[in-house]
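Take a look at the structure below.
There are 2 protein chains.
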Amino acid sequence: MRTKLERELKQTKPFASREEEVYLGILFTAERLSWGVSEVLRQADLTPTQYNALRILRGAHPEGLSCNEIGERMVTKYTDVTRLMNRLEARRLITRERDERDQRFLVTRITKDGLALLAELDKPVAECHRRQLGHLGERQLASLRRLLDAALVLPE
Amino acid sequence: MRTKLERELKQTKPFASREEEVYLGILFTAERLSWGVSEVLRQADLTPTQYNALRILRGAHPEGLSCNEIGERMVTKYTDVTRLMNRLEARRLITRERDERDQRFLVTRITKDGLALLAELDKPVAECHRRQLGHLGERQLASLRRLLDAALVLPE
DNA sequence: TGACAACGTTTGTTATAACAACTATTATCC
DNA sequence: GGATAATAGTTGTTATAACAAACGTTGTCA
Numbered sequence: 034m035r036t037k038l039e040r041e042l043k044q045t046k047p048f049a050s051r052e053e054e055v056y057l058g059i060l061f062t063a064e065r066l067s068w069g070v071s072e073v074l075r076q077a078d079l080t081p082t083q084y085n086a087l088r089i090l091r092g093a094h095p096e097g098l099s100c101n102e103i104g105e106r107m108v109t110k111y112t113d114v115t116r117l118m119n120r121l122e123a124r125r126l127i128t129r130e131r132d133e134r135d136q137r138f139l140v141t142r143i144t145k146d147g148l149a150l151l152a153e154l155d156k157p158v159a160e161c162h163r164r165q166l167g168h169l170g171e172r173q174l175a176s177l178r179r180l181l182d183a184a185l186v187l188p189e
Numbered sequence: 034m035r036t037k038l039e040r041e042l043k044q045t046k047p048f049a050s051r052e053e054e055v056y057l058g059i060l061f062t063a064e065r066l067s068w069g070v071s072e073v074l075r076q077a078d079l080t081p082t083q084y085n086a087l088r089i090l091r092g093a094h095p096e097g098l099s100c101n102e103i104g105e106r107m108v109t110k111y112t113d114v115t116r117l118m119n120r121l122e123a124r125r126l127i128t129r130e131r132d133e134r135d136q137r138f139l140v141t142r143i144t145k146d147g148l149a150l151l152a153e154l155d156k157p158v159a160e161c162h163r164r165q166l167g168h169l170g171e172r173q174l175a176s177l178r179r180l181l182d183a184a185l186v187l188p189e
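Keeping their order, the protein sequence lines are chains Z and U.
What the first sequence shows, in the working numbering, is residues 34 to 189, in sequence order.
What the second sequence shows, in the working numbering, is residues 34 to 189, in sequence order.
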C-alpha cells in the first residue's frame, strides 16, 4: 500500500532508495509538525526561531548565555544571533550586558516578560504536540526516539 | 544515558514530554540531513527548494505541471512558485507556456539542461543519503519509515 | 448573457536567513 | 611587551520566504 508520504507528495514513481524515502519522510514530517507549532506561536507573535531562542534562555536562566552559545544550541543552527536578539530586546523579552571579566562576551538573559510569555505558551504547545504525536503511544514514541538518535551521525 | 540529541542541543533539563522530545528529534535530524544535501547541491548552485522543484518536474516529464501543482508537491509547502520558476527559467532549466485549453494555467516543463543537471547530481545525492542514513541498515530504515508514516496525521 | 464567484498566477511589501567583511577585546608567543 | 592570532559580536549586502492584494481567465447561475 502507498504510504501517506507518497500520497502527500503525489509521488508517482518509487523512491530512488530506502535512504531517500526516509530522508524525505523526516523532512516532510518535520515540516508538518513545525507548521502546527508555528500556528500556536502566531498567537504570541513569535517565530519558531524566536521561540526556540527564548526556550534556550529559559533553560539557562538566570545565568544567561553568550550569543554564540545561543546559536549553537538552536535546533536549526543560526548565524545571525545579533539581530534575532535585537528584536527580542526591543520587545523587552531579553536583556543584554557585557561580561565584566571578558568584554568580548555579551551575556543575554530572559526577562520576567519573556518568562511570562513562555509560560502562557507552555500549555498550548504541549497540547499541539499531543495532538500531533500523542496518537503514537508510549511504545512507538520510544522507538521513534531511539531510531532518530541512531540516525544522528555526530560530526567527526 | 544521554541521547545524541540532548548532547547536540546541550540540553541541561529533561524534555517536557516524550512528544516534545520526538518533535525536537525530528526537527533536528531533518536540519542535519538537509544540511548535508545542501552541501552537495551547492556544487550545482542549486538551493534545496530549487532542487526539489526540479525533481518534481522530472517526475512529471514530459507532461509538465502547473505552478500550484508544483507548490503542493513540494516537501516544504511553497507559496511563491512564480519567482522560483523565474529563476529556473533564467537558467534555462525549465520552460513555461500557457495551456491552450485553459489560459489560466501555465504548464511548466523541465528542459534537457535541467534533466542533465539532475542526472549529474543523482549519484552524489544518493551517496550523501547513504553516508547519512546507510549505517542504519534495512531493518531500522524500514522501522523508521513505518513510524514516520504513522506519525503523519493527515489534514482533516 | 451578464454579474459574480472560483481559480491560477503575478506582483508588492516586509521580514529574515545566509554569507562575508569588519570592529573590538583578549590570548599567545617570540 | 608588542606584533599577531584567536575569539565574540556587529554590520552590510543579497537573496529569498511569507503574506496579502491584485489581475486575468473560466465556470456558474439567475
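A virtual CB, placed ideally from N, CA and C, is assigned to each residue, including glycine.
Drop a sphere of 10 angstroms on the beta-carbon of Z/Ala86, count the other beta-carbons inside from all chains shown, and report buried for 16 or more, exposed for fewer.
buried
Can at least three beta-carbon pairs, one atom from the stretch 170-187 of chain Z and one from the stretch 133-150 of chain Z, be found at a separation below 8 angstroms?
no
Terminal residues of the alpha helix (DSSP H) in which Z/Arg164 lies
Lys145 to Leu166
State the start and end residues of the unbroken beta strand (DSSP E) segment that holds U/Thr62.
Where U/Thr62 is concerned, there is no enclosing beta strand (DSSP E), although the alpha helix (DSSP H) it sits in stretches over Arg51 to Arg75.
Report the residues of the stretch 55-81 of chain Z with a CB closer than 7 angstroms to any CB of chain U, ordered along the chain.
Val55, Tyr56, Leu57, Gly58, Ile59, Leu60, Phe61, Thr62, Ala63, Glu64, Arg65, Leu66 and Ser67
In the DSSP assignment, find the unbroken alpha helix (DSSP H) run with U/Thr109 in it and report its ends.
Here U/Thr109 belongs to no alpha helix (DSSP H), and DSSP marks it neither H nor E.
Neighbour flag for U/Gly92 against chain Z, beta carbons, 7 angstroms
yes
Beta-carbon proximity of U/Ala63 to Z/Ile89, cut-off 7 angstroms:
no
Considering only residues of the same chain and omitting the five flanking positions on each side of U/Glu153, which have a CB-CB separation below 8 angstroms?
Ala77
Contact the stretch 42-60 of chain Z vs the stretch 105-116 of chain U: 3+ CB pairs below 8 angstroms
yes
Distance cutoff 7 angstroms, beta carbons only. Does U/Thr45 sit that close to anything in chain Z?
yes
Determine the chain U residues that contact Z/Ala159 at a beta-carbon separation under 9 angstroms, and present them in chain order.
Ala49, Ser50, Glu52 and Glu53
Which of helix, strand or coil does DSSP assign to Z/Thr80?
coil
Comparing the C-beta of Z/Leu154 with each C-beta of chain U, is any distance below 7 angstroms?
no
Using the three-state DSSP reduction, which class does Z/Lys37 fall into: helix, strand or coil?
helix
With 7 angstroms as the threshold, decide whether the Cβ of Z/Arg163 is near any Cβ in chain U.
yes
Which word fits Z/His162, buried or exposed, when buried means at least 16 other C-beta atoms lie within 10 angstroms of its C-beta?
buried
Taking only three categories from DSSP, how would you classify U/Leu139?
strand
Can you tell which of U/Trp68, U/Pro47 and U/Ser99 has its C-alpha closest to the C-alpha of U/Glu133?
U/Ser99
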